[in-house]
Each structure stands twice: as structure tokens, then as C-alpha cells.
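See structure below.
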Amino acid sequence: MVIMNNSKKDDLDTKIALFRYELIVPVLNRTYPDRSALQYFKRIASAPLKYPDGTSKEYSFQTIRYWYDTYQKEGFSGLMPKTRNDKGRSRKLNKTLKNKIIEMKQTNPRMTATSIYLKLIEDGNILKKDISLSTITRFIASKPEFNHIPVEDMRAFEMEHTNDMWQLDTTYCSYIKDSRGHKLRTYLIMIIDDHSRMIVGYGFFLEDNAVNVQTVLKRAISKYGVPKRLYADNGKPYKNEQLPIICAQLQIQIIHAQVYHGNSKGKIERSFKSVKEQWMYNTDFDQFKNTEDIDSAFALYVNKKNNSPHASLNGNTPVNVFMDDESSIRRVEPERLEKIFYHTATRKVANDATIRLNTKVFETKQEYVGSRITIKYKPDLSEVYIFDDDSYIKISEVKKVDNSKIKRKRPL
Numbered sequence: 001m002v003i004m005n006n007s008k009k010d011d012l013d014t015k016i017a018l019f020r021y022e023l024i025v026p027v028l029n030r031t032y033p034d035r036s037a038l039q040y041f042k043r044i045a046s047a048p049l050k051y052p053d054g055t056s057k058e059y060s061f062q063t064i065r066y067w068y069d070t071y072q073k074e075g076f077s078g079l080m081p082k083t084r085n086d087k088g089r090s091r092k093l094n095k096t097l098k099n100k101i102i103e104m105k106q107t108n109p110r111m112t113a114t115s116i117y118l119k120l121i122e123d124g125n126i127l128k129k130d131i132s133l134s135t136i137t138r139f140i141a142s143k144p145e146f147n148h149i150p151v152e153d154m155r156a157f158e159m160e161h162t163n164d165m166w167q168l169d170t171t172y173c174s175y176i177k178d179s180r181g182h183k184l185r186t187y188l189i190m191i192i193d194d195h196s197r198m199i200v201g202y203g204f205f206l207e208d209n210a211v212n213v214q215t216v217l218k219r220a221i222s223k224y225g226v227p228k229r230l231y232a233d234n235g236k237p238y239k240n241e242q243l244p245i246i247c248a249q250l251q252i253q254i255i256h257a258q259v260y261h262g263n264s265k266g267k268i269e270r271s272f273k274s275v276k277e278q279w280m281y282n283t284d285f286d287q288f289k290n291t292e293d294i295d296s297a298f299a300l301y302v303n304k305k306n307n308s309p310h311a312s313l314n315g316n317t318p319v320n321v322f323m324d325d326e327s328s329i330r331r332v333e334p335e336r337l338e339k340i341f342y343h344t345a346t347r348k349v350a351n352d353a354t355i356r357l358n359t360k361v362f363e364t365k366q367e368y369v370g371s372r373i374t375i376k377y378k379p380d381l382s383e384v385y386i387f388d389d390d391s392y393i394k395i396s397e398v399k400k401v402d403n404s405k406i407k408r409k410r411p412l
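The numbers in the UniProt record's numbering rise by one with no breaks, and the one at position 290 of the sequence shown is 290.
Next comes the structure, spelled out in C-alpha cells:
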């Protein structure tokens with residue numbers, strides 16, 4: 001059993017593993033834009049990378065390729081750090097040159113690093129022997145504001161294959177009434193396949209939160225396979241501690257929409273517009289007693305929508321386009337999928353061999369007293385496990401009356 005020293009280290013180790021995963025997932029899913037995986041590794045290694053602790057670090061392409069090989073052999077857990085890395089960053093550019101580069105990039109956002117480099121040499125700002133092109137490239141790459149696609153340059157895009165990318169979002173819907181007649185806002189969480197426009201997941205809820213988003217995602221994956229990419233909003237339901245861990249285990253790359261760039265989610269937004277105009281505005285929500293009733297009624301609409309000809313699909317139906325590319329669908333065994341969607345936490349075991357999880361107390365084993373352990377659990381806490389050496393050890397909530405009757409060994 002591996003004993004972790006403190007919660008901050010646990011959190012940082014997970015963030016480091018996710019950092020490494022995000023670098024290699026385009027190669028895992030073959031979604032990199034370069035001509036080869038080697039070119040991809042070399043490109044991302046050419047610029048400093050923002051480390052989870054906020055510092056900038058540089059890695060060789062061999063190191064990043066090593067993480068890729070490790071994930072292939074050991075999965076996400078293999079990316080957890082085993083030793084600390086030394087801090088360090090390149091500082092060849094002085095403040096004046098940095099400001100000059102920023103000014104040039106702001107004046108003409110389309111200027112490439114090469115163009116800026118040649119212009120600086122031409123104007124006598126730098127000498128070729130003193131500053132390399134890679135130094136300029138790394139500096140520009142370290143500035144996120146220079147790496148966003150301008151809104152006016154965004155083009156309509158479409159993935160080439162089924163499950164290349166899913167778009168996920170939430171929209172406000174009509175109210176239902178509870179048993180006392182109080183109005184309750186409902187939310188529709190929906191997922192569409194970018195290639196086929198097919199609705200692959202949906203669910204109505206009374207809250208737009210992370211657990212409900214994960215519920216819809218798990219249903220969709222169970223039925224239609226695993227997407228290579230998941231394109232989602234920047235809100236808390238989509239940007240939280242648990243979703244990246246879940247996606248890393250499923251080899252899914254998460255892409256978050258740029259803030260205020262709603263047009264980048266065009267397909268899902270148009271789908272919501274169709275849902276409201278074709279179904280919601282023509283449906284009496286007073287007939288529904290709960291969200292399960294809404295789901296049942298909405299299922300009829302989804303079935304009809306997925307099986308109706310679509311103009312952007314040359315008159316074909318979303319279902320036919322989705323299934324015509326069935327070879328692209330990657331399935332996951334139900335039991336493994338269930339465990340992947342468990343939430344993960346670390347807890348220190350108290351002297352009475354218990355841990356606290358979301359205000360509830362669970363009993364572990366005496367052998368864990370004083371150590372930090374990894375916990376896997378369903379969000380509703382109906383099932384809680386100690387995760388030790390890739391094994392799941394089920395634990396139960398402490399019943400105060402029963403627990404008081406247990407005779408514990410006193411320390412010698």
C-alpha cells in the first residue's frame with residue numbers, strides 16, 4: 001500500500017498526471033494536426049509549458065513520448081509523478097524585447113513567430129547569433145492571449161468521423177410544479193455528435209451541476225461508445241475536479257469553449273433552438289410531475305429528430321450517418337465504465353479507523369489508521385470503496401448504535 005503524506009501533495013500529483021495526459025491525448029486519439037506523432041511531440045516540446053503549480057517548464061520531446069508510452073502500458077495511474085522535477089525556465093529575452101514582440105503581435109495578430117523574428121533582425125533589434133527563432137516562438141507560445149483564434153476567423157467545422165467529437169451543453173427550459181404548486185426551473189443537459197448531428201445523450205434536471213452532467217455523459221457512452229474529444233462550456237458543471245479524471249481514464253480529450261465565444265458551440269446551440277421551437281414551446285409542462293416524466297416525453301422527440309433527414313447531411317438522417325461509420329465506435333465494458341465514473345478523493349484515516357466523506361462517516365480497517373488512502377465512490381455515496389493496488393475494497397457507513405457495541409483493541 002502506498003501511503004501519501006498530505007492532501008496538497010495528493011492534489012498536486014493528480015494535477016500533474018492530468019497535465020501530462022492533456023499533452024499526450026491528441027496522439028492517443030490521433031487527433032493531432034501534425035503529419036506524424038513525432039512532429040507533434042517536437043512541436044509542443046518547442047515551447048515552455050505551464051505546470052500545475054503555476055511555473056513554466058520545458059520538456060524534451062523524448063520525455064513527452066515517454067509519458068505516452070507509460071499511459072499505453074499503465075493507464076492514467078502511470079502518469080502520477082514518482083519523483084519531483086527541478087524548476088527552471090529560459091530567460092533570454094530582456095523586458096524591452098518582450099514588450100516589442102507583444103506590441104508587434106497586438107498590432108498584427110496574424111504575424112507568425114518567424115515573421116517577428118526576421119523583422120526584429122531587419123530592424124536591428126536583435127542579432128541572429130544572440131537570439132534564436134525558437135526563443136521567440138517559445139515566448140509567443142507562453143502568452144495565451146496570442147494563441148486564441150479571433151472570433152471573426154472562426155469557420156464552420158465538422159469532424160470527419162463518428163465520435164471524433166461530442167458537443168455538450170445545458171439550456172434553461174420551462175418550469176414544472178412540485179406537490180405544493182411551487183414552480184421549479186428545469187434544465188436540459190444534452191450531447192450531440194459533431195459528425196452526424198445525432199443527439200447521443202440528454203436528461204432533464206432541477207439543477208445544472210457536475211453530477212448531472214456526468215450522469216448524461218455516462219449514459220451516452222454506455223449507449224454510443226467513447227468520443228475522442230468532448231467540447232464543453234467553461235462553467236463549473238463542465239470544469240471541475242472529477243470530470244478530467246474520468247475523461248483521462250477513458251482516453252477523452254476535453255476542450256473548453258473560449259469565454260464569450262458562444263459561436264464556437266454553434267451546432268449544440270442550434271440544436272437547443274430546434275428543441276425549443278419544435279418541442280418545448282408546443283409541450284404543456286404542467287402535465288409533468290417530475291423530470292423523469294419530461295425525459296420520457298422528450299425521448300419521442302429525440303427518436304424522431306435522429307431519424308429525420310437533415311439538410312446539412314445532404315438529406316441523410318443523423319442515425320444513418322452515425323452508424324455508417326460504426327468502425328469508429330469504441331466501446332467500454334459496463335462494469336469498467338461504472339467504476340470509471342466513480343468520484344475520487346483522498347482521506348486520512350482517523351485513529352478509530354474511520355474517514356469522513358461529505359458529512360458522512362465510513363469505517364475502514366485498523367491497518368489503515370494514520371495513513372492517507374484513495375477513495376472511489378458513487379456521487380450519492382450509495383457505494384464507497386478503498387482503492388488500493390488497483391483493488392476495490394467496499395466500506396460501509398458507520399452506524400452509531402452498532403459501532404458503539406464493537407470492542408476495539410486498546411494500544412499496548
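Note that the Cβ used here is the ideal one computed from N, Cα and C, for glycine as well.
**Message:** Report the start-end ranges of each beta strand (DSSP E) in the region 288-355 that is 3 residues or longer and not cut off at the edges.
**Reply:** 343-348
**Message:** Give me the DSSP bridge partner(s) of H256.
**Reply:** A232
**Message:** If you reduce the DSSP assignment to three classes, tell me which class W279 lands in.
**Reply:** coil
**Item:** Complete beta strand (DSSP E) runs within the region 127-213 (minimum length 3 residues, chain order)
**Value:** 165-177, 183-193 and 199-205
**Prompt:** Between the Cα of L206 and the Cα atoms of D123, R347 and D295, which residue gives the shortest distance?
**Reply:** D295
**Message:** By the DSSP assignment, the alpha helix (DSSP H) with F76 in it spans what residues?
**Reply:** No alpha helix (DSSP H) holds F76; DSSP gives it neither H nor E.
**Asked** Taking C-beta to C-beta, are F41 and R20 nearer than 8 Å?
**Response** no
**Message:** Which residue marks the beginning of the beta strand (DSSP E) containing S391, and which one marks its end?
**Reply:** S391 to E397
**Message:** How far does the beta strand (DSSP E) with K360 in it extend, from its first residue to its last?
**Reply:** K360 to E363
**Asked** If V226 sits next to I245, beta carbons under 8 Å apart, how far is it from one beta carbon to the other, in whole angstroms?
**Response** Contact doesn't hold; Cβ gap of about 15 Å is too wide.
**Prompt:** So what does DSSP say about R110, is it helix, strand or coil?
**Reply:** coil
**Prompt:** Secondary structure at S115, three-state DSSP: helix, strand or coil?
**Reply:** helix
**Message:** Can you find the residues in the same chain that come closer than 7 Å, C-beta to C-beta, to K360, ignoring five residues on each side of it along the sequence?
**Reply:** L381 and E397
**Asked** Does DSSP put R219 in a helix, in a strand, or in coil?
**Response** helix
**Request:** Taking 8 Å as the threshold, find out whether the region 264-273 comes into contact with the region 186-199 through three or more Cβ pairs.
**Result:** yes
**Request:** Let me know if Y68 comes out buried or exposed under the rule of 16 or more other beta-carbons within 10 Å of its beta-carbon.
**Result:** buried
**Request:** Could you tell me whether any non-hydrogen atom of the ligand NAD is closer than 7 Å to the CB of S134?
**Result:** As presented, the structure is devoid of all ligands, the ligand NAD included, so that no description of it is given.
**Message:** Please classify T96 as buried or exposed, where buried requires at least 16 neighbouring CB atoms within 10 angstroms.
**Reply:** exposed
**Request:** Can you tell me the Cβ-Cβ gap for M198 and F322, rounded? I've got them flagged as a contact below 8 Å.
**Result:** 5 Å
**Item:** Bounding residues of the alpha helix (DSSP H) (the contiguous stretch that carries Y40)
**Value:** A37 to I44
**Message:** Looking at the secondary structure, which residues open and close the alpha helix (DSSP H) in which L243 lies?
**Reply:** Q242 to L250
**Prompt:** Taking DSSP as the reference, what is the three-state secondary structure of L97?
**Reply:** helix
**Request:** Could you give the DSSP three-state label for V384: helix, strand or coil?
**Result:** strand
**Asked** Distance, Cα to Cα, G203 vs S132?
**Response** 53 Å
**Asked** Ordered along the chain, which non-local residues of its own chain (more than five positions away) have a Cβ less than 6 Å from that of K228?
**Response** N29, T31 and D164
**Prompt:** What's the call for G315, buried or exposed, on a 16-neighbour Cβ count within 10 Å?
**Reply:** exposed
**Prompt:** Exposed or buried, what is D208 when buried is set at 16 or more other beta-carbons lying within 10 Å of its beta-carbon?
**Reply:** buried
**Request:** Express the C-alpha separation of I44 and I340 in angstroms, rounding to a whole number.
**Result:** 29 Å
**Request:** Could you check what DSSP says for S271 in three-state terms: helix, strand or coil?
**Result:** helix
**Request:** Please look up how many angstroms separate the CB atoms of R138 and A47, rounded, as I've assumed it's under 8 Å.
**Result:** 4 Å
**Item:** beta strand (DSSP E) segment containing T374, residue limits
**Value:** R372 to Y377
**Prompt:** Hey, would you say N234 sits closer than 8 Å to A210, going by beta carbons?
**Reply:** no
**Asked** Whole-angstrom Cβ separation of L217 and I254, contact assumed at under 8 Å?
**Response** The pair is not a contact, with the Cβ atoms about 11 Å apart (cut-off 8 Å).
**Asked** Touching or not, the region 327-344 and the region 369-387, by the rule of three or more beta carbon pairs under 8 Å?
**Response** yes
**Request:** Can you give me the Cβ contacts of Y392 inside the same chain, cut-off strictly under 6 Å, excluding the 5 residues immediately before and after it?
**Result:** Y385
**Prompt:** In this structure, does DSSP put K82 in helix, strand or coil?
**Reply:** coil
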